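Have a look at the structure below, then the notes.
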Amino acid sequence: MAQSELVAEVARLRQGDPEALGPLLARYQNRLYRYLLRLVRDRATAEDLFQQTWLRVVEKVHQYDALRSFEAWLFALAHNLAIDYLRRYRPESLDELQSPDEPRNVQFPSAGPDALARALEQERAGLVIEALDELPAVYRELLSLRFEEEMKLAEIAEVLDMPLSTVKTRLKRGLERLRERLANIAPREMGQ
Amino acid sequence: MKNGHETIRELLALAAAGALDDQEARRVEEHATACAECAAELERWQSLAGALRRVPTPQPSRELIARVRAQAEWKLAQEAERRRDTRVMALLLMFSWTILLTTWPLVRLMGGGVWAWLDAMPGHVWFWLAGYTLLGWLAAGAAVLLGLRERGARRTA
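Protein chains in written order, with my numbering: chain A, 1 to 192; chain B, 193 to 349.
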């Protein structure tokens, strides 16, 4: 769906046309579901939040500012619902939100780069997912938005409602943490 | 204080993530061509970024999509009804207030003054006044009912 078609579908949805739902769902269903699944790590919860997000879209589409990116608006709705859920039922998963930006002296294990290279060379996608799943929610979300959803940093800042500089800092920390985890997991998984 | 090499090294992860501005990206590129250590480190970060981009995408089930679509359509219809109710409620309230505010001027106009109206108002004027007032009350009552229905719908949503 081209950008002009997206604008037209959103406009139709604002007018209450139910036929506009199909194309919008088709366009975003996989990406939105993947993002929620990465964030909450539980299929049933992701499905529930996916459903809630689309109901919220229908409810709030009149408040959507057509000058903004629909994608950023949609993911921001999903983000808010997911964060509310995590805050209510799994507050421990948000602990890192309190002070995730404190500088850390990142020390990769001595075998880090080699183990990392081996894991990546062998395209062990499962290892990457496992390492990703072990990260705090704040980093999982950022890495998913940047690498899976391929959002620009400005869009991510809009979705997460945070300054661009914070997005950059957290993205860097997230990558460092992921690399640390992956380097730790890889030898274990490969029986080394 | 960090030297140029250390500063660039700090930027390598973000460079692989495509998260640097043009000037920073150019500095990293220039440094990496001259520094083998940073070039190798950049390559590691790029491998990691590539692996992240290749992670398989989980798909939502068809049943979920069908269920979400059905519920969203239902919600859309409900929202359209709610907006229509709000518009009607506003009109009814405006109408009832108009009637309320115009009652006394009309009485004065038709009866030649309040006291004259109280003393000797013709029967048909009483009839029209009662009907007029009733209309205002009915409009206000309908607006209240619509308001209550919307509040109930919000509670159950």
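Glycine residues also receive a C-beta, built at the ideal position from the N, C-alpha and C atoms. Predicted, not measured: the structure shown is a model, and the values here were computed from it.
Give a yes or no on whether 8 Å exceeds the smallest Cβ distance from Ile129(A) to chain B. Here residue 129(A) is taken as the residue at index 129 of the first sequence, counted from 1. Closer than 8 Å to some Cβ of chain B, the Cβ of Ile129(A) qualifies, so yes.
Would you verify that the beta carbon of Pro23(A) is, or is not, closer than 8 Å to some beta carbon of chain B? Looking up residue 23(A) in the first sequence gives position 23. Judged by the 8 Å Cβ criterion, Pro23(A) is not in contact with chain B.
Member of Arg173(A), Met151(A) and Ile185(A) whose CA lies at the smallest distance from the CA of Ala137(A): Here residue 137(A) refers to the residue found at position 137 when the first sequence is read from its first residue. Answer by Cα proximity: Arg173(A).
Grab the span of the alpha helix (DSSP H) containing Glu235(B) for me, first residue to last. Counting from one through the second sequence, the residue named residue 235(B) turns up at place 43. Counting along the chain, the alpha helix (DSSP H) containing Glu235(B) begins and ends at Ala228 to Arg245.
Evaluate contact between the segment 46 to 56 of chain A and the segment 64 to 71 of chain A, counting only Cβ atoms and requiring at least three cross-stretch pairs below 8 Å. The segment 46 to 56 of chain A, when compared against the segment 64 to 71 of chain A, does not touch it at the 8 Å Cβ threshold.
Compute the distance between the beta-carbons of Leu235(A) and Ala82(A), then report whether it is under 8 Å. With chain A running from 1 to 192 in the structure shown, residue 235(A) is simply not present.
Is Leu268(B) close to chain A? Criterion is C-beta to C-beta, closer than 8 Å. Taking the second sequence and counting its residues from 1, one reaches residue 268(B) at position 76. By this cut-off, Leu268(B) is an interface position.
Where Leu164(A) and Glu149(A) are concerned, what is the direct C-alpha to C-alpha distance, given to the nearest angstrom? Translated into the one-based positions of the first sequence, residue 164(A) becomes position 164. Translated into the one-based positions of the first sequence, residue 149(A) becomes position 149. Roughly 17 Å separates the two Cα atoms.
Classify His79(A): buried if its beta carbon has 16 or more other beta carbons within 10 angstroms, exposed otherwise. In the first sequence, residue 79(A) corresponds to position 79, counting from 1. His79(A) comes out buried.
Can you pull the chain B neighbours of Phe147(A), defined as C-beta to C-beta under 7 Å? Position 147 of the first sequence holds residue 147(A). Residues of chain B whose Cβ lies closer than 7 Å to the Cβ of Phe147(A) are, in chain order, Ala241, Leu244 and Arg245.
Between Leu68(A) and chain B, is the shortest Cβ-Cβ distance under 8 Å, so that the two count as touching? Here residue 68(A) corresponds to residue number 68 of the first sequence, with the count starting at 1. With the sequence shown as reference, residue 68(A) is identified as Arg, and Leu is not the correct amino acid for it. Not a single CB atom of chain B sits nearer than 8 Å to the CB of Arg68(A).
Give the DSSP-derived three-state secondary structure of Ile165(A) in the structure shown. As a working note, residue 165(A) is residue 165 in the first sequence. One point to set straight first is that residue 165(A) is Ser, not Ile, in the sequence displayed. Helix, per DSSP.
Burial state of Asp255(B) (16 or more Cβ within 10 Å): Within the second sequence, numbered from 1, the residue matching residue 255(B) stands at position 63. Contrary to the premise, residue 255(B) reads as Glu rather than Asp in this sequence. Exposed, by the Cβ-count rule.
Between Leu285(B) and Arg341(B), what straight-line distance do the alpha-carbon atoms span, to the nearest angstrom? Taking the second sequence and counting its residues from 1, one reaches residue 285(B) at position 93. Taking the second sequence and counting its residues from 1, one reaches residue 341(B) at position 149. Cα to Cα, Leu285(B) sits roughly 15 Å from Arg341(B).
Report the residues of the segment 57 to 91 of chain A with a CB closer than 9 Å to any CB of chain B, ordered along the chain. Listed by position, the residues of the segment 57 to 91 of chain A near chain B (Cβ gap below 9 Å) are Val57, Val58, Glu59, Val61 and His62.
Is Ala224(B) close to chain A, meaning its C-beta is less than 8 Å from at least one C-beta of that chain? Against the second sequence, residue 224(B) aligns to sequence position 32. So, not an interface residue.
At a cut of 8 Å, does the segment 18 to 28 of chain A reach the segment 237 to 246 of chain B through at least three beta carbon pairs? In short, these stretches do not touch, since the Cβ pair count stays below three.
So Tyr35(A) is in the alpha helix (DSSP H); what residue range does that whole segment cover? Against the first sequence, residue 35(A) aligns to sequence position 35. Where Tyr35(A) is concerned, the enclosing alpha helix (DSSP H) stretches over Leu21 to Val40.
Do you know offhand how far Glu155(A)'s Cα is from Ile257(B)'s? One-based indexing of the first sequence puts residue 155(A) at position 155. One-based indexing of the second sequence puts residue 257(B) at position 65. Pairing Glu155(A) with Ile257(B), the inter-Cα distance amounts to about 26 Å.
Taking 8 Å as the limit between beta carbons, can you name the residues of its chain near Ala211(B), skipping five residues before and five after? Here the question's residue 211(B) lines up with position 19 in the second sequence. Excluding positions up to five away in sequence, the list is empty.
Check whether the Cβ of Val220(B) lies closer than 8 Å to any Cβ atom in chain A. In the second sequence, counting from the first residue as 1, residue 220(B) sits at position 28. With 8 Å as the cut-off, Val220(B) does not count as an interface residue toward chain A.
Measuring CB to CB, does Pro250(B) end up less than 8 Å from Tyr85(A)? Counting from 1 along the second sequence, the entry for residue 250(B) is found at position 58. Counting from 1 along the first sequence, the entry for residue 85(A) is found at position 85. Cβ distance not < 8 Å, so Pro250(B) and Tyr85(A) don't count as in contact.
Evaluate Glu180(A) with the Cβ neighbour count: other Cβ atoms within 10 Å of its Cβ, from every protein chain shown; 16 or more gives buried, anything less gives exposed. Position 180 of the first sequence, counting from 1, holds the residue named residue 180(A). Label assigned to Glu180(A): buried.
Quick check on this structure: which residue in Val61(A), Leu153(A) and Lys152(A) has the alpha carbon closest to the alpha carbon of Arg14(A)? Sequence index remark: in the first sequence, residue 14(A) carries index 14 (1-based). Its Cα nearest to that of Arg14(A), the residue Val61(A) stands out among Val61(A), Leu153(A) and Lys152(A).
Who are the neighbours of Leu153(A) on chain B, taking C-beta pairs under 7 Å? One-based indexing of the first sequence puts residue 153(A) at position 153. Here the neighbours are Ala211.
Which bits of chain A does Ala205(B) rub up against, with CB to CB less than 7 Å? In the second sequence, the residue the question calls residue 205(B) occupies position 13. Listed along chain A, the residues sitting closer than 7 Å to Ala205(B) by beta-carbon distance are Lys172, Leu175 and Glu176.
Along chain B, which residues have their Cβ under 8 Å away from the Cβ of Arg34(A)? Here the question's residue 34(A) lines up with position 34 in the first sequence. In chain order: Thr249 and Pro250.
Alpha-carbon to alpha-carbon, Ala183(A) and Thr166(A): Indexing the first sequence from 1 puts residue 166(A) at position 166. Indexing the first sequence from 1 puts residue 183(A) at position 183. Taking the Cα positions, Thr166(A) is about 26 Å away from Ala183(A).
Thinking C-beta only, is Ala264(B) closer than 8 Å to Val128(A)? By one-based count along the first sequence, residue 128(A) stands at place 128. By one-based count along the second sequence, residue 264(B) stands at place 72. In this structure, Ala264(B) does not lie closer than 8 Å to Val128(A) by Cβ.
Please report how far the alpha carbon of Arg56(A) lies from the alpha carbon of Leu77(A), in whole angstroms. Start at 1 with the first residue of the first sequence, and residue 56(A) comes out as number 56. Start at 1 with the first residue of the first sequence, and residue 77(A) comes out as number 77. Distance between the alpha carbons of Arg56(A) and Leu77(A) is about 7 Å.
Output yes or no for whether 8 Å exceeds the beta carbon distance between Ala322(B) and Ser288(B). Along the second sequence, one-based indexing puts residue 322(B) at 130. Along the second sequence, one-based indexing puts residue 288(B) at 96. Here Ala322(B) is not near Ser288(B), since their CB atoms are 8 Å or more apart.
Given that a residue counts as buried once 16 or more other Cβ atoms are within 10 Å of its Cβ, and exposed if not, what is Ser253(B)? Residue numbering aside, residue 253(B) sits at position 61 when the second sequence is read from its first letter. When all chains shown are included, Ser253(B) counts as exposed.
Any C-beta of chain B under 8 Å from that of Glu47(A): Counting from 1 along the first sequence, the entry for residue 47(A) is found at position 47. Contact with chain B is found for Glu47(A), since one of that chain's Cβ atoms lies less than 8 Å from the residue's Cβ.
Listed by chain order, chain B residues near Arg179(A) by CB distance under 7 Å: Counting from 1 along the first sequence, the entry for residue 179(A) is found at position 179. The contacting residues are Leu240.
For Gln215(B), three-class secondary structure by DSSP: Reading the second sequence from its first residue, position 23 is the one you call residue 215(B). The three-state reading of DSSP puts Gln215(B) in helix, counting H, G and I together.
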